[in-house]
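Q:
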Amino acid sequence: MQKIYQSILERVKKRQRSLALLIDPDKFKSSAALENAVRSDVDYIFVGGSLLSTGSLQQCVEIIKKATSTPLILFPGSTDQIDPHADGILFLSLISGRNPDNLIGKHVVSAPILKKTSLEIIPTGYMLIEGGNTTSVAYMSNTLPIPNNKTDIAVCTAMAGEMLGLKLIYMDTGSGALNHVPLSMIKNVKKNIDVPLIVGGGIKTPEQAYTVCNAGADIIVIGTVTEQTPEIIGEIASAVHQNSSHTIDLNE
Ligand code: 1GP
């Protein structure tokens, strides 16, 4: 039973935009972001990072599960970021890149581990978009992000991902990116796919969250800004949920 994915589909059907909070176990030093998330109606919590050096994924998952029943979804940067106590996992194919390890190699390694868990596995086409600086994910994945003015490449990549059977498309400029994914790119990708669209990276204000949703993102992901200013989570959640009643004009 694909409970999380079904909830995403239902929210998309009702035109409800969703907010996901990304928690990087390395940066999870205080629970301020988590406390704000619990208070602020965050819809999903993602946990993971491009590189874990000091933090403990297991400890992080345990603390979050104790604090909230919000669906906890692993967003793994590597095959060792699997914890059976989470609710689900984005099974990521880095389709914007040409690194075979991120297209199939790591999946082969993690498949037998995942098979032994009851994690909901959500096949996700992950697309890295150039966001104004070199992010950890671009460096660690050894892939080239799609240039932010190459909307046609982004659209064709997303369409191919959907045709391959991936259930979500996640466009990301990477954690700590200077810029979020361009609005015109979001609009064009959204127009050309039917699966839900996640957009993350470089979203720092409620206004940006609103416009990114308005451009066509079904779920937006925020991380870095919440590590610096945890109290902004409530304002961003309001902006995202306020957008839910708004009818998106994809022809704008
Ligand atoms: C990164 O999309 C997430 O994968 C969140 O990015 O940390 O820049 O908010 P930020």
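For what it's worth, my numbering labels the leading residue of the sequence shown as -12, then goes sequentially.
Cβ atoms here follow ideal geometry from the backbone N, Cα and C, with glycine treated the same way.
1. Beta-carbon within less than 6 Å of Asp30's beta-carbon, same chain only, minus the 5 sequence neighbours each way: which residues are those?
2. Evaluate the contact criterion for the region 215 to 224 versus the region 169 to 187: three or more CB pairs, one atom per stretch, below 8 Å.
3. Let me check one thing: in DSSP terms, what residues is Ala7 bridge-paired to?
4. For Ser231, write down the residues that DSSP places opposite it in a beta bridge.
5. Closer than 6 Å between the C-beta and any heavy atom of ligand 1: which residues qualify, listed along the chain?
6. Would the beta-carbon of Thr122 be found less than 8 Å away from any heavy atom of ligand 3?
7. On the CB-based measure, 16 or more other CB atoms within 10 Å of its CB, does Thr121 come out buried or exposed?
8. Within 10 Å of its beta-carbon, does Glu266 have 16 or more other beta-carbons around it, so buried, or fewer, so exposed?
9. Closest Cβ-Cβ distance between Val168 and chain D: below 9 Å?
10. Which of the three DSSP states, helix, strand or coil, is assigned to Thr138?
11. Going by beta-carbon coordinates alone, are Asp11 and Val48 separated by less than 9 Å?
12. Tell me the rounded alpha-carbon separation between Val25 and Val208.
13. Just to confirm, is the Cβ distance from Gly221 to Asn23 under 9 Å?
14. Measuring straight from C-alpha to C-alpha, what distance separates Tyr301 and His94?
15. Might you give, ordered along the chain, the residues of its own chain that have their beta carbon closer than 7 Å to the beta carbon of Thr138, omitting 5 neighbours on each side?
16. Tell me which residue opens and which closes the beta strand (DSSP E) that Ser80 is part of.
17. By alpha-carbon positions, which one of Gln(-7), Ala226 and Ala224 ends up nearest to Ile108?
18. Per DSSP, what kind of secondary structure is Glu239 in: helix, strand or coil?
19. Who pairs with Pro110 in a beta bridge, going by DSSP?
20. Look up Asp159 in the DSSP assignment and give the residues it is bridged to.
21. Provide the residue span of the alpha helix (DSSP H) that contains Leu153, from first to last.
22. Is the CB-CB distance between Gly112 and Glu149 below 9 Å?
23. In this structure, what does DSSP give as the bridge partners for Leu61?
24. For Ala224, does the count of other Cβ atoms within 10 angstroms reach 16, so buried, or fall short, so exposed?
25. Count the other C-beta atoms from every protein chain shown that fall within 10 angstroms of the C-beta of Glu239, then say buried if there are 16 or more, exposed otherwise.
26. Distance check for Leu153 and Asn89, CA to CA, integer angstroms please.
A: A quick look at the data gives this:
1. Closer than 6 Å at Cβ, skipping near neighbours: Ser5 and Leu6.
2. Output reads no: the region 169 to 187 does not touch the region 215 to 224.
3. Answer is Tyr31 and Val208.
4. Under the DSSP definition of a beta bridge, Ser231 lacks any partner.
5. Counting every residue whose Cβ lies closer than 6 Å to a heavy atom of ligand 1, we get Leu9, Asp159, Gly161, Ser162, Gly163, Ala164, Gly187, Gly188, Gly189, Ile190, Val208, Ile209, Gly210, Thr211 and Val212.
6. Looking for ligand 3 in the displayed structure turns up nothing; the ligands present are ligand 1.
7. By the neighbour-count rule (16 or more Cβ atoms within 10 Å), Thr121 is not buried but exposed.
8. For the chain, the structure presents residues -12 to 239; residue 266 sits outside this window and is missing.
9. Structure shown: chain D not included; a single protein chain is present.
10. Thr138 falls in the helix class under three-state DSSP.
11. With respect to Val48, Asp11 sits apart: the two C-beta atoms are not nearer than 9 Å.
12. About 16 Å.
13. A contact, by the Cβ cut-off of 9 Å.
14. A question about residue 301 goes unanswered here, because the residues of the chain that appear run from -12 up to 239.
15. So the list reads Ser171, Met172 and Asn175, once near-sequence residues are dropped.
16. Note, Ser80: beta strand (DSSP E), Gly75 to Leu81.
17. Of Gln(-7), Ala226 and Ala224, the residue nearest in Cα terms is Gln(-7).
18. Here Glu239 scores only 48 on pLDDT, less than 50, and its place in the model should not be relied on; the value that follows carries that caveat. Three-state DSSP puts Glu239 in coil, outside helix and strand.
19. Per DSSP, the beta-bridge partners of Pro110 are Phe78.
20. In DSSP, Asp159 forms a bridge with Leu115 and Gly187.
21. First-last for Leu153: undefined, no H or E at that position.
22. Result yes, Cβ atoms of Gly112 and Glu149 sit closer than 9 Å.
23. Beta bridge pairing from DSSP links Leu61 with Val34 and Ile76.
24. It counts as buried.
25. Unreliable positioning characterises Glu239 in this predicted model, as indicated by a pLDDT of 48, which lies under 50. A coordinate reading is not provided.
26. Whole-angstrom Cα-Cα distance: 14 Å.
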